[in-house]
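Following this note's numbering from start to finish, the sequence shown increments by one per residue and tops out at 319.
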Amino acid sequence: MSKVSVIVPVHDSQKYIETCVNSLLDQTLKDIEIILVENGSSDGSLAECNRVAALDERIRVIHLDKGDVSLARNVGAQEAKGEYIGFVDSDDTVEADMYEVLYGISKENDLDVMYSNSVRIYDDRPPKYKHSESGEILILGVKEALALNFKQVINSSVCTMIARKELFDDIKFPEDMRFEDRATAYRLINASRKVGYIRKSFYRYYQHSDSFIHRPDWKYYYDYAEVDRRRMQFLNESGMFTEEEVRELAQTPADYYIRKLRHLRRLAKTGLQKQKTQELVDGLSVIPEGCKLPLKARIIRQIAKLIYRK
Numbered sequence: 010m011s012k013v014s015v016i017v018p019v020h021d022s023q024k025y026i027e028t029c030v031n032s033l034l035d036q037t038l039k040d041i042e043i044i045l046v047e048n049g050s051s052d053g054s055l056a057e058c059n060r061v062a063a064l065d066e067r068i069r070v071i072h073l074d075k076g077d078v079s080l081a082r083n084v085g086a087q088e089a090k091g092e093y094i095g096f097v098d099s100d101d102t103v104e105a106d107m108y109e110v111l112y113g114i115s116k117e118n119d120l121d122v123m124y125s126n127s128v129r130i131y132d133d134r135p136p137k138y139k140h141s142e143s144g145e146i147l148i149l150g151v152k153e154a155l156a157l158n159f160k161q162v163i164n165s166s167v168c169t170m171i172a173r174k175e176l177f178d179d180i181k182f183p184e185d186m187r188f189e190d191r192a193t194a195y196r197l198i199n200a201s202r203k204v205g206y207i208r209k210s211f212y213r214y215y216q217h218s219d220s221f222i223h224r225p226d227w228k229y230y231y232d233y234a235e236v237d238r239r240r241m242q243f244l245n246e247s248g249m250f251t252e253e254e255v256r257e258l259a260q261t262p263a264d265y266y267i268r269k270l271r272h273l274r275r276l277a278k279t280g281l282q283k284q285k286t287q288e289l290v291d292g293l294s295v296i297p298e299g300c301k302l303p304l305k306a307r308i309i310r311q312i313a314k315l316i317y318r319k
């Protein structure tokens, strides 16, 4: 058993794979396995995966016919042999000591999930650090960690964390859905006993202009809204927060949810898209009564109710 298995979904990212894998091979924690899950690529990604895998016995390649990052992560987690699992996107890199630090803190404190920060790397401007880089380590209970996640202090990217492999026996990434991280991170926290968080960026998130995430369409906005609807539903049903706490923690997902409705109305073309947009508007009741929203979100909510009223 390796200490950490790193799952790397690969889809049409041939030109980035070597750089990504090199950052994993350079880890100061040597007892890791690297699982490249090539899924439905149309370029030379599979051949490149096989080429780099021949360079180090710690690298394995899995091929899937369907291009779906969630499916790739689920299969990779199922096949992983590590005590903990981490995820890296194939066009990103990580700092050399990332997994040594996260694993060490996890073992010392018997953690189920250990989070860190990420830094956004741009081609034409300085890196963007969103949170404190103090290096402070927090050991949290589930309720505390969930609150920080909903407040977006602990981010919703699974690429900045490691989690015990056993958590993925029951928790799967939603397939055929974008923002799968946002739909999964809070569930991993909720299934844990103790969670750690270090205020330091180990993950380097590259902002490539050709990434599909920068080409929003109806499904982009729908999935984003649906994920935040699910997050608010969890808050309402969890039973661990007071009504006041639920109202506070729902503010950000409610704002995101509502703002996506404006785009959905404009982009919905098919009957199915219009039906699903209607269902999201009907789901506005998931927003807790008394939740404080920005003026723009309040206006969009009222307009949506008027347009989509039955």
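Glycine included, each C-beta is placed from N, C-alpha and C at the ideal position.
Exercise. Would Tyr-25 pass as a contact of Ser-99 if the rule is Cβ separation under 8 Å?
Worked result: yes
Problem set entry | Cβ-based burial, Glu-47 [other Cβ within 10 Å; buried from 16] | buried
Problem set entry | Reduced DSSP secondary structure (H/G/I, E/B, other) of Pro-18 | strand
For this session: Indicate the three-state DSSP secondary structure (helix, strand or coil) for Thr-261 in the structure shown.
Result: helix
Problem set entry | Terminal residues of the alpha helix (DSSP H) in which Met-170 lies | Taken as a continuous stretch (DSSP letters only), Met-170 belongs to no alpha helix (DSSP H), being part of the beta strand (DSSP E) at 170-173.
Exercise. Beta carbon of Ile-94, beta carbon of Arg-69: below 8 Å?
Worked result: no
Problem set entry | Start-end ranges of the alpha helix (DSSP H) lying completely within the region 69-143, minimum 4 residues | 78-88 and 107-118
Problem set entry | Alpha-carbon spacing of Gly-144 relative to Glu-153, whole angstroms | 19 Å
For this session: Write down the C-beta distance between Ala-234 and Tyr-266 rounded to the nearest angstrom, noting that I regard them as a contact closer than 8 Å.
Result: 5 Å
Exercise. Counting Cβ pairs closer than 8 Å, one from the region 58-74 and one from the region 15-33, do we hit at least three?
Worked result: yes
Exercise. When you compare only the Cα positions, how much space is there between Ser-79 and Ile-198?
Worked result: 18 Å
Problem set entry | Nearest to Thr-169 (by Cα), restricted to the options Gly-205, Ala-86 and Lys-75 | Gly-205
Problem set entry | Sequence-distant residues of its chain with Cβ nearer than 6 Å to Leu-147 (five each side left out) | Tyr-206
Exercise. Under three-state DSSP, which class holds Ser-50?
Worked result: coil
For this session: Go to Arg-166, then tell me how far its alpha helix (DSSP H) extends in each direction, as first and last residue.
Result: Checking the sequence, you will find Ser at residue 166 rather than Arg. Segment: none, Ser-166 is in no alpha helix (DSSP H) and carries neither H nor E.
Exercise. Can you tell which of Ser-54, Arg-240 and Lys-283 has the C-alpha that lies nearest to the C-alpha of Thr-261?
Worked result: Arg-240
For this session: Out of Gly-299, Leu-273 and Leu-281, state which residue places its alpha-carbon closest to the alpha-carbon of Val-290.
Result: Leu-273
Exercise. Near Arg-256, which residues of its chain fall below 6 Å by C-beta distance, leaving aside the five closest residues on each side in sequence?
Worked result: Pro-297, Gly-299 and Cys-300
Problem set entry | Residue range of the beta strand (DSSP E) that includes Ile-146 | 146-149
Exercise. Does DSSP put Ser-11 in a helix, in a strand, or in coil?
Worked result: coil
Problem set entry | Residues near Ser-50 in its chain [Cβ-Cβ closer than 6 Å; skip 5 each side] | His-20 and Asp-21
Exercise. Taking C-beta to C-beta, are Tyr-230 and Leu-276 nearer than 8 Å?
Worked result: yes
For this session: Check whether the Cβ atoms of Tyr-124 and Gln-36 lie closer than 8 Å to each other.
Result: no
Exercise. Among Lys-305, Gln-287, Val-295 and Leu-304, which has the Cα closest to the Cα of Leu-315?
Worked result: Gln-287
For this session: Alpha carbon to alpha carbon, how far is Val-110 from Glu-92? Give it in angstroms, no decimals.
Result: 15 Å
Problem set entry | Chain-order list of residues whose beta-carbon lies under 7 Å from that of His-217 (same chain, five-residue window excluded) | Asp-100
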